[in-house]
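**Student:**
There are 2 protein chains.
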Amino acid sequence: MARAATTADVFNAVAEPRRREILDLVATDELSVSELVQRLGIPQPQVSKHLRVLREVGAVHVRSDGRQRLYRANPEALRPIHEWISGYVAALEERFGELDAVLSELKREEQGDDGQDA
Amino acid sequence: MARAATTADVFNAVAEPRRREILDLVATDELSVSELVQRLGIPQPQVSKHLRVLREVGAVHVRSDGRQRLYRANPEALRPIHEWISGYVAALEERFGELDAVLSELKREEQGDDGQDA
DNA sequence: TTGACATATTCCCATATGGGTATATATTGA
DNA sequence: TCAATATATACCCATATGGGAATATGTCAA
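Same order as they appear, the protein sequences are chains A and B.
Throughout, my numbering is defined as the position within the first sequence, counted from one, plus 639.
Throughout, my numbering is defined as the position within the second sequence, counted from one, plus 639.
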């Protein structure tokens with residue numbers, strides 16, 4: 640067997656820097672392919688191919704508008720990455736001890752304690 | 640050009656599920672290659688090859704102990720992933736609004752307010 | 001030195017890649 | 001209908017892959 644397909648899962652899909660760049664671009668704005676071509680400065684077929692991969696793993700949604708295709712990011716598809724990396728966040732965040740404490744407190748409050756907001 | 644090398648960066652290195660599994664195993668315990676072979680149930684050369692990739696991107700550290708090589712994860716190498724995905728965390732966390740507020744407050748306190756610990 | 005154990009490396013192969021270029025498939029307007 | 005625009009797909013190619021099997025390297029013990 641060779642390497643897993645880029646469409647095998649989100650991890651493989653976003654291993655390609657250009658695809659992360661594309662995702663970041665359509666994270667805030669809904670963009671057409673030609674707008675992406677302009678901003679990325681790479682040939683249109685390449686953009687379309689990257690978008691296809693992102694589509695196949697559900698990382699982007701498409702909408703047709705006339706002859707344009709408008710793309711936007713679907714952050715939900717990134718959840719597996721978020722979940723995996725979150726196991727290492729404690730080691731990466733400087734003040735993780737305090738953060739943990741705060742999150743626990745939030746949870747406690749949510750479960751029925753009273754809460755005085757700021 | 641073909642796909643970027645697995646050793647090109649952490650994103651490519653951990654795109655392989657087995658390598659994430661290995662990382663998770665050596666995240667808590669320092670393990671030898673043969674221990675990894677046992678737990679993963681795959682041939683030793685494959686484990687060594689995966690470890691090599693992880694080493695080359697700095698995701699694991701090695702230590703020699705006699706004829707054994709003891710591996711442990713180096714979470715610091717995962718920071719680029721953490722940083723990239725953190726741009727999408729707001730959309731992924733359910734209670735992101737409150738979390739944001741709390742983090743802001745933490746920052747405020749850190750900058751000079753008093754703090755009563757629990 | 002020799003043998004056993006632990007790990008790394010090498011070789012072979014099928015496979016999917018990303019880039020380049022050309023072309024197919026809409027969709028719009030005249 | 002026909003030309004122009006927007007996007008997707010098809011082809012070709014060099015390349016690195018992960019798996020399998022064999023072997024090299026290193027370290028200990030006798």
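Idealized CB from N, CA, C, for every residue including glycine.
Here the structure is a predicted model, which means the values were calculated and not measured.
1. Let me check understanding here. Comparing Cα to Cα, which of A:Leu662, A:Phe650 and A:Ala641 lies closest to isoleucine 724 (chain A)?
2. Could you check whether glutamate 655 (chain B) and threonine 645 (chain B) sit closer than 8 Å to each other, using their CB atoms as the reference points?
3. Runs of 3 residues minimum, wholly inside the stretch 691 to 734 of chain B: which ones carry the beta strand (DSSP E) assignment?
4. Would valine 699 (chain B) and valine 665 (chain B) be called neighbours here (beta carbons separated by less than 8 Å)?
5. With 16 as the cutoff for other CB atoms within 10 Å, does alanine 712 (chain A) come out buried or exposed?
6. Taking Cβ-Cβ distances shorter than 9 Å, what residues in chain B pair up with glutamate 655 (chain A)?
7. If you count every other CB in all the chains shown that lies within 10 Å of the CB of arginine 658 (chain B), and 16 or more means buried, which is it?
8. With which residues is serine 671 (chain B) paired in a DSSP beta bridge?
9. Which residue from B:Gly697, B:Val672 and B:Leu717 puts its Cα closest to that of glutamine 707 (chain B)?
10. Isoleucine 661 (chain B): buried (16+ other C-beta within 10 angstroms of its C-beta) or exposed?
11. Run down chain B in chain order and give the residues with a C-beta less than 9 Å from the C-beta of leucine 664 (chain A).
12. Would you report the Cα separation of arginine 702 (chain B) and leucine 709 (chain B), rounded to the nearest angstrom?
13. Look at the Cβ atom of valine 686 (chain A), then the Cβ atom of valine 696 (chain A), and state whether they are nearer than 8 Å.
14. Can you give me, in chain order, the residues of the stretch 662 to 689 of chain A that have a beta carbon less than 8 Å from any beta carbon in chain B?
15. Just verifying my parser: in three-state terms, what is the DSSP assignment at alanine 643 (chain B)?
16. Helix, strand or coil: how does DSSP classify alanine 654 (chain A) here?
17. Mind listing the chain A neighbours of tyrosine 710 (chain B)? Cutoff is C-beta to C-beta under 9 Å, in chain order.
**Tutor:** In short:
1. Translated into positions along the first sequence, residue 724 (chain A) becomes position 85. Cα-wise, what sits closest to isoleucine 724 (chain A) is A:Phe650.
2. Your numbering for residue 645 (chain B) matches position 6 in the second sequence. Your numbering for residue 655 (chain B) matches position 16 in the second sequence. Result yes, Cβ atoms of threonine 645 (chain B) and glutamate 655 (chain B) sit closer than 8 Å.
3. 699 to 704 and 707 to 712
4. On the second sequence, residue 699 (chain B) is found 60 positions in, with the first residue counted as 1. On the second sequence, residue 665 (chain B) is found 26 positions in, with the first residue counted as 1. Yes, the Cβ-Cβ distance between valine 699 (chain B) and valine 665 (chain B) is below 8 Å.
5. As a first step, residue 712 (chain A) must be located in the first sequence, where it is residue number 73. Counting Cβ neighbours within 10 Å, alanine 712 (chain A) comes out buried, since at least 16 surround it.
6. Taking the first residue of the first sequence as position 1, residue 655 (chain A) is located at position 16. Result: Arg642, Ala643, Phe650 and Asn651.
7. What you label residue 658 (chain B) is simply residue 19 of the second sequence in a count that begins at 1. The residue is buried, with at least 16 neighbouring Cβ atoms inside 10 Å.
8. As a working note, residue 671 (chain B) is residue 32 in the second sequence. Listed as beta-bridge partners of serine 671 (chain B) by DSSP are B:Leu709.
9. For this step, residue 707 (chain B) is matched to residue 68 along the second sequence. Comparing Cα-Cα distances from glutamine 707 (chain B) to each of B:Gly697, B:Val672 and B:Leu717, the minimum goes to B:Val672.
10. Counting from one through the second sequence, the residue named residue 661 (chain B) turns up at place 22. Isoleucine 661 (chain B) is buried by the Cβ-count criterion.
11. As a working mapping, residue 664 (chain A) is identified with position 25 in the first sequence. Simply none; closest approach about 12 Å.
12. Along the second sequence, one-based indexing puts residue 702 (chain B) at 63. Along the second sequence, one-based indexing puts residue 709 (chain B) at 70. For arginine 702 (chain B) and leucine 709 (chain B), the distance between alpha carbons rounds to 5 Å.
13. Your numbering for residue 686 (chain A) matches position 47 in the first sequence. Your numbering for residue 696 (chain A) matches position 57 in the first sequence. No. Outside cutoff.
14. Asp663 and Ala666
15. By one-based count along the second sequence, residue 643 (chain B) stands at place 4. Correct three-state label for alanine 643 (chain B): coil.
16. If you number the first sequence from 1, residue 654 (chain A) lands on position 15. Alanine 654 (chain A) sits in coil when the DSSP states are folded into three classes, being neither helix nor strand.
17. Walking along the second sequence from the start, residue 710 (chain B) turns up at place 71. Ordered by position in chain A, no residue passes the 9 Å Cβ test against tyrosine 710 (chain B), which lies about 16 Å from the chain.
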